[in-house]
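Novice: Numbering (the numbering used here), first residue to last: 107 to 569.
All C-beta atoms, glycine included, are put in the ideal place defined by N, C-alpha and C.
Okay, here's the structure, questions in a sec.
And the structure:
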């Protein structure tokens with residue numbers, strides 16, 4: 107009996123204990139492969155005379171893993187409206203928290219939700235990461251960037267935890283992306299340039315499983331041609347998608363068969379419709395019903411089988427052993443760490459650290475010397491500039507001083523000329539006033555003389 111859906115626990119997950127035992131056993135085998143390879147060289151094979159009991163190690167590992175629980179992180183990439191949230195609800199038989207996204211997002215942002223699911227005695231911490239707004243912008247050149255940065259950020263967080271002196275990897279929440287379900291629009295023609303560019307950017311960082319969303323919108327003939335066209339374009343553009351492993355005999359046949367069915371054409375629905383005497387997940391249309399779990403209608407069952415029931419542990423293992431190791435190697439090489447020296451002798455961590463430290467100190471000293479030389483050079487340049495400016499100021503001062511002296515001399519000459527003119531004018535004025543006063547005196551004397559003569563001689567007639 108499945109537990110009722112809950113947002114943060116008690117949800118349903120169809121995983122058998124046998125598949126867990128197999129997955130954990132495979133993980134333990136591959137984890138010990140390197141040590142076994144080194145230790146078995148030159149080792150002798152001995153027969154046991156009686157039962158010892160170390161054949162229970164797989165059971166012990168299974169019990170310990172079941173107690174610790176498992177984690178699985180799914181990244182859903184695809185354009186808005188392709189049914190990503192609905193497919194997740196259908197895959198895990200529950201209702202996850204999800205808000206419908208609009209087509210008016212200014213950019214692509216990553217939204218992550220984590221849930222605690224339990225089936226029987228197996229606990230799974232499931233994280234569903236959705237690329238909100240992917241493909242909704244007019245300029246789609248940078249649509250993949252936020253997705254790549256998010257994946258790298260999870261790798262970086264795990265690497266930083268590994269490099270700590272006091273590590274807690276046993277209870278560390280692994281947020282690395284284990285699988286990317288890439289949703290392809292059911293156009294029936296070919297992949298969009300955005301799809302090819304994005305998958306090419308992601309194929310070295312995550313396990314990509316391409317799926318054709320809403321596959322009930324095109325006919326079977328068109329769907330088959332569309333699948334062939336997609337795989338042809340992926341191969342011609344060098345896009346590496348996840349291939350279900352065929353090295354394990356127990357799953358080699360089914361995985362080999364399912365590799366030929368990629369990409370999966372899926373239909374999702376949480377609505378149950380009564381068909382015959384059974385309630386089944388389906389989509390009801392005016393022309394008929396599409397049954398989600400009917401392999402003649404879509405590849406949903408194939409996807410669920412490959413993703414959850416058969417290859418979930420391999421996806422986790424591939425994430426750690428392939429994608430994370432590639433990121434880790436590139437990062438450590440950037441930091442200067444190497445496996446061997448120029449003589450192909452193994453490097454110890456201490457030697458590498460000392461070499462890197464000496465290299466850093468040398469570079470620091472060199473940079474300090476360069477900065478000192480640059481400072482001295484700039485000081486000299488500044489001094490030269492100041493001296494040149496000072497010289498220009500002195501020259502300008504001398505020019506202005508000479509100009510001032512010339513102007514002053516001109517003004518003095520002009521003043522002297524004006525003073526001379528004023529003196530001459532004053533002299534002329536004085537002379538004129540003297541002449542005028544003399545003329546007035548002469549006139550008054552003549553008048554007095556006539557008046558005297560008139561008085562003395564009354565016979566003079568005057569008119």
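For residue 236, which of 248, 226, 252 and 228 has the nearest alpha-carbon?
Specialist: 252
Novice: Taking DSSP's pairing of strands, which residues face residue 390 in a bridge?
Specialist: 395
Novice: Should the segment 151–163 be regarded as contacting the segment 256–264, the criterion being three or more beta carbon pairs within less than 8 Å?
Specialist: no
Novice: Helix, strand or coil for residue 150? Go by DSSP, reduced to three states.
Specialist: coil
Novice: Taking residue 306 as the reference, give the member of 293, 341 and 177 with the closest Cα.
Specialist: Comparing Cα-Cα distances from residue 306 to each of 293, 341 and 177, the minimum goes to 341.
Novice: Return the bridge partner residues of residue 67 from the DSSP annotation.
Specialist: Lying before the first or after the last residue shown, residue 67 is absent from the chain, which here runs from 107 to 569.
Novice: Apply the 10 Å Cβ neighbour rule to residue 436 and answer buried if 16 or more other Cβ atoms are within range, or exposed otherwise.
Specialist: exposed
Novice: If you check the beta carbons only, do residue 373 and residue 398 fall under 8 Å apart?
Specialist: yes
Novice: Here's the rule: buried if 16 or more other CB atoms are within 10 angstroms of the residue's CB, otherwise exposed. What is residue 250?
Specialist: buried
Novice: Would you kindly report the start and end of the unbroken alpha helix (DSSP H) that includes residue 330?
Specialist: 326–342
Novice: Pick from 331, 502, 344 and 362: whose alpha carbon is nearest that of residue 350?
Specialist: The option with the nearest alpha carbon to residue 350 is 362.
Novice: Are residue 319 and residue 188 close, meaning C-beta to C-beta below 8 Å?
Specialist: yes
Novice: Is the number of C-beta pairs between the segment 326–335 and the segment 406–415 that are closer than 8 Å three or more?
Specialist: no
Novice: Return the chain-ordered ranges of every alpha helix (DSSP H) run that is complete within the segment 228–274 and spans a minimum of 4 residues.
Specialist: 251–269
Novice: Can you give the Cα-Cα distance for residue 230 and residue 165, rounded to whole angstroms?
Specialist: 19 Å
Novice: Give the single residue among 224, 467, 554 and 430 whose Cα lies nearest to the Cα of residue 312.
Specialist: Of the candidates 224, 467, 554 and 430, the one whose C-alpha sits nearest the C-alpha of residue 312 is 430.
Novice: Please identify the residue among 348, 443, 244 and 403 whose C-alpha is closest to the C-alpha of residue 460.
Specialist: Between residue 460 and the set 348, 443, 244 and 403, the nearest pair of CA atoms involves 443.
Novice: Please classify residue 285 as buried or exposed, where buried requires at least 16 neighbouring CB atoms within 10 angstroms.
Specialist: Buried: at least 16 other Cβ atoms inside 10 Å.
Novice: Does DSSP put residue 221 in a helix, a strand or coil?
Specialist: Strand at residue 221.
Novice: What runs of the alpha helix (DSSP H), each 4 residues or longer, lie entirely inside the segment 348–430?
Specialist: The alpha helix (DSSP H) runs of length 4 or more contained entirely in the segment 348–430 are, from start to end of the chain, 355–365, 406–410 and 418–424.
Novice: How is the alpha helix (DSSP H) around residue 172 delimited, first residue to last?
Specialist: 163–174
Novice: On the DSSP letters alone, give me the boundaries of the alpha helix (DSSP H) that residue 300 sits inside.
Specialist: 299–308
Novice: Grab the span of the alpha helix (DSSP H) containing residue 191 for me, first residue to last.
Specialist: 190–197
Novice: Taking contact to mean 3 or more Cβ pairs, one atom from each stretch, closer than 8 Å, check whether the segment 170–185 and the segment 286–297 are in contact.
Specialist: yes
Novice: Alpha carbon to alpha carbon, what distance is there between residue 497 and residue 505?
Specialist: Linking residue 505 to residue 497 through their CA atoms gives a straight-line distance of about 12 Å.
Novice: Between the C-alpha atoms of residue 525 and residue 516, what's the straight-line distance to the nearest angstrom?
Specialist: 14 Å
Novice: Report back the beta-carbon spacing between residue 256 and residue 216 to the nearest angstrom; my notes put them in contact at under 8 Å.
Specialist: Contact check for residue 256 and residue 216: beta-carbon distance about 5 Å, within the 8 Å limit, so the pair qualifies.
Novice: Give the secondary structure of residue 295 by DSSP, where H, G and I count as helix, E and B as strand, and everything else as coil.
Specialist: coil
Novice: Tell whether a beta-carbon distance below 8 Å holds between residue 228 and residue 168.
Specialist: no
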